[in-house]
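**Student:** Numbering (full-length UniProt numbering), first residue to last: 1 to 105.
Sending over a structure as structure tokens; questions will come in a sec.
Here you go:
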């Protein structure tokens with residue numbers, strides 16, 4: 001996604017799903033995070049297996065975009081975000097990995 005002017009931070013979450021038949025349901029739940037105040041955009045990507053052994057063993061990448069660190073902090077404690085996290089836990093085969101980054105000018 002090209003960086004729109006009002007986006008300053010990106011929060012990435014790598015998810016390993018324990019049952020591939022649940023992947024669409026998990027994606028649907030992740031997309032509800034668009035409703036969280038302060039979220040500028042949400043994208044979900046599925047991993048393309050190209051046979052590279054160096055690739056991370058995760059199925060989905062969630063990318064959530066924020067204007068600033070304050071919005072990211074509010075997101076972390078938001079009740080919808082917490083609810084989605086709790087609903088997804090039974091569908092994950094291992095803990096998610098996260099990576100937060102700031103866009104450079």
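For each residue, glycine too, the CB sits at the ideal point set by N, CA and C.
Report the residue from 21, 85, 51 and 66 whose alpha carbon sits nearest the alpha carbon of residue 96.
**Tutor:** The residue with the shortest Cα to Cα distance from residue 96 is 85.
**Student:** Restricting to Cα atoms, I'd like to know which of 39, 44 and 17 is closest to residue 72.
**Tutor:** Considering only alpha carbons, the answer is 39.
**Student:** So what does residue 17 bridge to, in DSSP terms?
**Tutor:** Answer is 92, bridged to residue 17.
**Student:** Can you give the beta carbon distance from residue 101 to residue 10, rounded, assuming they're within the 8 Å contact cut?
**Tutor:** Right, their Cβ atoms sit about 5 Å apart.
**Student:** Roughly how many angstroms lie between the CA atoms of residue 83 and residue 65, to the nearest whole one?
**Tutor:** Whole-angstrom Cα-Cα distance: 19 Å.
**Student:** Determine the DSSP secondary structure at residue 41, reduced to helix, strand or coil.
**Tutor:** Strand at residue 41.
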